[in-house]
Amino acid sequence: MTDQPVNSGIEYVAPKEPPQSRKPPANTVGVVGWLRENLFDGVGNSIATILTAIFLIWFAGSVMDWSIRTAEWTVVNNNLRLLMVGPYDQDELWRVTIMAVAMIVLSGMSLGFWSEIARPVFVTIVVVMVLLVIVPVVSDRFPPPSIRTIVSSDGDVPAMRFVGNPGERVTVAVEQINAENADPDGNAFNGFIETTPGASNSRSIWNDIKQGIRTDSIDLDTYTLTFTVSLVDASGEVLETVTSTPDEPGVTFETPLPETGWYGVLAEVDESSDAGFAWIRLDGVETYTTRTADVEARTERYGEQPALTCADGSDACNTEVAQRALRYEGQRSGFDYLTVQLSPFFRDIAIPLIVGTVIAFAGGVLGWFLKRLPREPKRITNLTLLVAWLLFMPFAFVLLRGFEGSEAVSYVPTTDWGGLALTLILTAIPIVASFPIGILLALGRANKDLVMVSTISTLFIEVARGVPLITILFFAKLILPFFISASSNIELAPRMMVGLTLFTAAYVAEIIRGGLQIIPKGQTEAAQALGLPAFYITWLITMPQAIRAVIPALMSQFVSLFKDTTLVSIVGLFELLGIVELIVNGQQQYRPFQREAYLFVGVVYFVISLAMASISRRLENTGVGAARR
Amino acid sequence: MAEILQDEAVKKNDHSLGDHVIECVNVNKWYGDFHVLKDVNLKVREREVVVVIGPSGSGKSTLIRCVNRLEEHQEGDIIVDGITLTNDVSNIAEIRREVGMVFQQFNLFPHLTVMENITLAQRYVRRRPRAESEENALKLLERVGIPEQARKYPGQLSGGQQQRVAIARALAMNPKIMLFDEPTSALDPEMIKEVLDVMKELAQSGMTMMVVTHEMGFAKEVADRVIFMDSGRVVEIGTPDHFFENPSHERTQLFLSQIL
């Protein structure tokens with residue numbers, strides 16, 4: 054600079070060619086850059102990151118630990134049909150299937166035609182499908198878990214019943230529970246409890262023993278148990294027997310089974326025993342799952358579960374079923390969890406889910422091809438898809454309901470609908486119906502020229518928003534028939550749909566009105582200047598922009614509606630949450646497993662809400678929304 | 012005096028002027044209590060280019076917005092293409108079909124492609140078939156110099172390109188009159204020229220134009236007449252030569268002394 058002449062008036066002139074563009078510094082881009090910028094950006098952020106990570110790991114660990122070591126998922130497994138369709142007539146389930154298939158095909162096509170599947174979603178779906186297949190297949194290759202029961206001095210020892218085939222070798226082993234190996238929180242004590250129906254109190258008895266060991270109120274030092282353990286077949290004939298004495302408690306035998314059928318392991322405690330506890334462990338037998346389908350298959354193959362005669366010839370072994378039926382299967386390890394709980398569940402849901410996914414992908418591919426059509430057929434496809442969705446709702450409703458007096462599609466009253474199917478119907482129909490009503494209300498309220506229309510719209514919106522939804526639902530159920538006598542003929546479910554629709558429409562109206570307000574006045578003016586009539590200005594210019602602007606708010610309203618359908622359980626419909634209440638309160642053996650059941654439906658609600666949110670994000674990011682940014 | 016000047020007006024572009032297509036007779040307008048247009052009298056002939064200038068708030072935008080009834084005047088008559096503006100909806104619709112307008116903020120429809128922006132009114136107002144509308148739209152895009160942008164969305168274009176699309180959109184209706192409301196005020200300096208060039212070409216083709224602008228160069232070069240407004244009234248009307256070289260009114264002289 055200094056050697057430039059000061060009086061030339063020019064201070065600096067850049068070289069003719071601009072400098073070459075360079076890459077940004079390596080630690081500001083890619084994974085490292087992202088981490089630096091977002092997670093470890095300064096001391097405060099780093100501490101927050103680490104603390105949050107610790108909390109998340111702890112929380113996820115606790116949930117996993119509980120669901121593997123404590124939870125009892127049979128309640129979900131055994132009631133899948135109820136959870137999906139509720140008390141819907143079992144012989145008429147084909148209608149639900151048709152509805153589901155139609156919905157899946159339409160969804161797949163719409164996704165392929167109007168949008169596309171994001172890669173993370175696709176990967177997630179594929180991973181889930183692969184797991185659904187792999188878990189049952191792999192778990193079949195593990196040896197079946199051992200079955201355990203506890204022998205105590207009070208003499209009541211559960212009879213372990215199992216099925217077997219010729220040549221299968223079973224091992225029966227006895228082990229004293231002493232101060233060294235007693236671990237009430239360990240895997241051995243935390244097997245999966247299997248009970249026969251009606252044996253609901255047994256869990257608490259075994260929990261008492263566990264609790265006693267844990268608190269030292271049970272003395273494990275004295276051991277005076279003498280008992281015989283015998284393997285019997287269905288007729289009561291003893292195949293093998295051993296005696297465990299205080300001097301030599303650890304006895305064991307291994308024996309091949311002679312024929313296909315039921316067997317039992319019985320224990321007879323000697324009178325002289327008055328202290329101590331021992332395990333009887335049974336290895337090498339098929340897991341005795343209480344999944345309804347498994348029970349039926351077992352009865353089919355091996356016959357009814359026989360009554361067992363005790364070793365002394367009495368039938369005492371069949372008394373007090375409640376306590377005697379209890380036993381632990383497997384240990385609470387990850388592998389046994391896969392085998393005993395996850396794998397049967399996956400087996401149940403794998404086929405429907407995989408078939409559904411394949412159908413959805415087929416629809417998606419079809420939609421993808423339709424998207425590449427020339428403009429005119431594409432426009433027709435667009436319309437056809439829209440109309441198909443609109444027609445699908447009444448079609449599904451009529452199909453599920455059937456006709457009075459019809460043979461082929463007999464009448465199934467909506468009070469018999471339930472489960473996830475009812476929840477989805479109670480969500481979908483009000484969404485579709487509340488949308489146009491909400492648009493009309495929004496236009497009505499925003500209209501400054503027709504004061505009456507505006508007043509009535511405002512009044513409706515404020516009333517519907519100012520009253521709790523549950524009140525509206527009760528109104529639809531109880532009060533409406535007094536005003537409109539014809540409405541008493543309408544079934545409960547449609548009345549609930551009307552209530553949900555009107556409630557949602559009020560919110561949709563306010564959301565859309567908010568969207569209309571942010572559309573610049575110039576848009577309307579430009580359209581007016583072109584000579585467009587008012588209807589076209591709304592339909593083609595302001596409304597599309599307003600709706601696009603409020604997609605997130607609309608979608609969150611619809612997610613909220615989806616969750617609010619749970620309220621209809623209070624007025625007497627068994628949607629997903631109502632049916633869970635019915636299961637855990639109506640079937641005695643599932644009463645202890647409310648947590649599992651509620652957690653399961655919680656996850657179902659969450660997954661569906663998440664899917665709705667992700668659809669909303671796709672809508673925001675595709676087409677014009679993306680181009681405008 | 013205004014009357015005399017109007018009659019003496021000489022067409023600068025090489026075609027003769029036709030009949031009066033816009034007539035404002037004693038137009039008054041209020042925003043609430045605020046008297047925004049005061050006794051405005053004005054006549055624009057067919058194929059004439061009239062530039063309206065004046066300080067902010069002088070009512071020049073309001074005046075041209077009254078011509079296609081985006082604003083409603085309360086007193087006086089506005090006669091466009093022989094039709095007196097009233098509140099009759101079909102009346103308004105008829106006038107808007109004949110009058111195109113270009114806005115300061117472009118006001119393109121952001122959710123539609125450039126092509127759709129230009130074909131929309133043709134299809135829904137003129138009821139032209141889609142193919143014909145699109146052919147027409149492409150011709151217009153070529154005329155404004157951006158045929159390659161047809162499939163893009165307005166948000167992907169520069170300001171100058173957007174304003175040219177807006178001009179094409181207005182022209183697609185085959186209007187008899189074009190109104191320009193400060194068409195270059197929202198543009199970067201480098202883009203003003205491309206829009207003004209399109210407007211010059213339009214003027215030379217014989218379009219009747221009423222332009223509110225601050226571009227004095229454009230006024231000098233293209234306008235047949237210049238109208239100067241201040242505080243809601245017409246202060247002076249004259250040919251650009253007369254207006255810029257030898258303004259008569261004190262207010263005009265002050266205005267010009269400040270901007271030149």
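These protein sequence lines map, in sequence, to chains A and B. For the first sequence, our numbering assigns the number 54 to the initial residue and increments by one for each residue that follows. For the second sequence, our numbering assigns the number 12 to the initial residue and increments by one for each residue that follows. From the three backbone atoms N, C-alpha and C, an ideal C-beta is built for every residue, glycine too. Source: prediction; values computed, not measured.
Along chain B, in chain order, which residues have C-beta atoms closer than 9 Å to that of residue i?
i, result
"A/ARG601", "HIS122"
Looking at residue i: is its Cβ nearer than 8 Å to the Cβ of residue j?
i, j, result
"A/MET446", "A/VAL393", "no"
"A/VAL603", "A/GLY552", "no"
"B/LEU81", "B/GLU59", "no"
"A/VAL158", "A/SER396", "no"
"B/ILE129", "B/ALA179", "yes"
"A/ALA235", "A/ILE266", "yes"
"A/SER487", "A/ALA558", "yes"
"A/VAL128", "A/ILE636", "yes"
"A/VAL223", "A/ILE333", "no"
"B/THR219", "B/VAL62", "no"
"A/GLU544", "A/PRO483", "no"
"A/GLY303", "A/TYR355", "no"
"B/VAL78", "B/VAL32", "no"
Anything in chain B within Cβ reach of residue i, meaning under 7 Å, just list it in chain order.
i, result
"A/PRO597", "HIS122"
Show which residues of chain A have a CB atom less than 9 Å away from the CB atom of residue i.
i, result
"B/VAL316", "Since the first residue shown for chain B is 12 and the last is 271, residue 316 of chain B is missing from the structure and cannot be characterised."
"B/VAL136", "LEU583, GLY584, LEU585, PRO586, TYR589"
"B/PHE114", "GLY575, GLU578, ALA579, ALA582"
"B/ASN39", "Within 9 Å Cβ-Cβ: nothing; B/ASN39 doesn't reach chain A, min ~22 Å."
"B/ASN257", "Under the 9 Å cutoff, chain A gives no residues; its nearest Cβ is about 36 Å from B/ASN257."
Which residues in chain A have a C-beta closer than 7 Å to the C-beta of residue i? List them in chain order.
i, result
"B/LEU213", "Correct list: empty, because the minimum Cβ distance to chain A is about 16 Å."
"B/MET184", "LEU583, GLY584"
"B/ALA132", "LEU583, GLY584, LEU585"
Only counting the same chain, and skipping five residues up and downstream in sequence, which positions put a Cβ closer than 8 Å to that of residue i?
i, result
"A/VAL451", "none"
"A/GLY220", "PRO309, LEU310"
"A/ARG172", "none"
Spatial neighbours of residue i within its chain, please: CB distance less than 6 Å, with the 5 preceding and 5 following residues excluded, ordered by chain position.
i, result
"B/PHE191", "VAL113, VAL222"
"A/ASP327", "SER206, THR277"
"A/THR476", "THR618, GLU628, LEU629"
"A/LYS69", "none"
"A/GLY655", "none"
"A/ARG548", "ALA529"
"A/THR275", "ALA328"
"A/LEU335", "ILE200, MET213, VAL225, VAL318"
"B/GLN264", "PRO258"
Kindly list the residues whose CB is nearer than 7 Å to the CB of residue i, restricted to its own chain and excluding five residues on each side of it in sequence; keep chain order.
i, result
"A/LEU493", "none"
"A/PHE527", "VAL624"
"B/VAL36", "ASN52, GLY87, ASP88"
"A/ASP272", "ALA328"
"A/GLU349", "none"
"A/LEU607", "VAL561, ILE564"
"A/LEU292", "LEU284, VAL285, ASP286, THR308"
"A/PRO250", "Only weak support is given to the placement of A/PRO250: the predicted model assigns it a pLDDT of 46, under 50, and the question is left unresolved by the model."
Kindly list, in the order they appear in chain A, the residues whose Cβ is closer than 8 Å to that of residue i.
i, result
"B/ASN147", "By Cβ distance, chain A contributes nothing, its closest Cβ being about 14 Å from B/ASN147, past 8 Å."
"B/ALA197", "Those within 8 Å of B/ALA197 in chain A number zero; the least Cβ separation is about 11 Å."
"B/ASN118", "PRO573, GLY575, GLN576, GLU578, ALA579"
Consider the C-beta atom of residue i and the heavy atoms of the ligand FAD; say whether any pair is separated by less than 7 Å.
i, result
"B/ALA197", "By its list of ligands, the structure shown contains no ligand whatsoever, and the ligand FAD lies outside what it can speak to."
Short-range partners of chain B found in the region 569 to 595 of chain A, where Cβ spacing is below 8 Å | If the cut-off is 8 Å between Cβ atoms, the region 569 to 595 of chain A has PRO573, GLY575, GLN576, GLU578, ALA579, ALA580, GLN581, ALA582, LEU583, GLY584, LEU585, PRO586, TYR589, LEU593, ILE594 near chain B.
Would you call the region 78 to 85 of chain B and the region 28 to 46 of chain B in contact, with 3 or more CB pairs under 8 Å?
-> As far as the Cβ criterion goes, the region 78 to 85 of chain B touches the region 28 to 46 of chain B, which means the pair count is three or higher.
At a Cβ cut of 7 Å, what residues of the region 68 to 82 of chain B count as close to chain A, listed as they run along the chain?
-> For the region 68 to 82 of chain B, the residues whose beta carbon sits under 7 Å from a beta carbon of chain A are, in order, ASN79, LEU81.
Segment contact, 8 Å Cβ cut-off, at least three pairs: the region 166 to 176 of chain A with the region 407 to 425 of chain A | Yes, the region 166 to 176 of chain A touches the region 407 to 425 of chain A.
Positions along the region 84 to 111 of chain B whose CB lies within less than 9 Å of some CB in chain A | If the cut-off is 9 Å between Cβ atoms, the region 84 to 111 of chain B has VAL100, ILE103, ALA104, GLU105, ILE106, ARG107, ARG108, GLU109, VAL110, GLY111 near chain A.
Tell me, please, whether the region 140 to 156 of chain A touches the region 664 to 671 of chain A by the rule of three or more beta-carbon pairs shorter than 8 Å.
-> No, they do not touch.
Is it a yes or a no for the region 145 to 159 of chain B touching the region 115 to 123 of chain B, going by three-plus beta-carbon pairs under 8 Å?
-> At 8 Å Cβ cutoff, the stretches do not touch.
Which residues, in chain order, does the region 161 to 175 of chain B contribute to contact with chain A at a C-beta distance below 7 Å?
-> Going along the region 161 to 175 of chain B in chain order, one finds TYR164, GLY166, GLN167 with a Cβ nearer than 7 Å to chain A.
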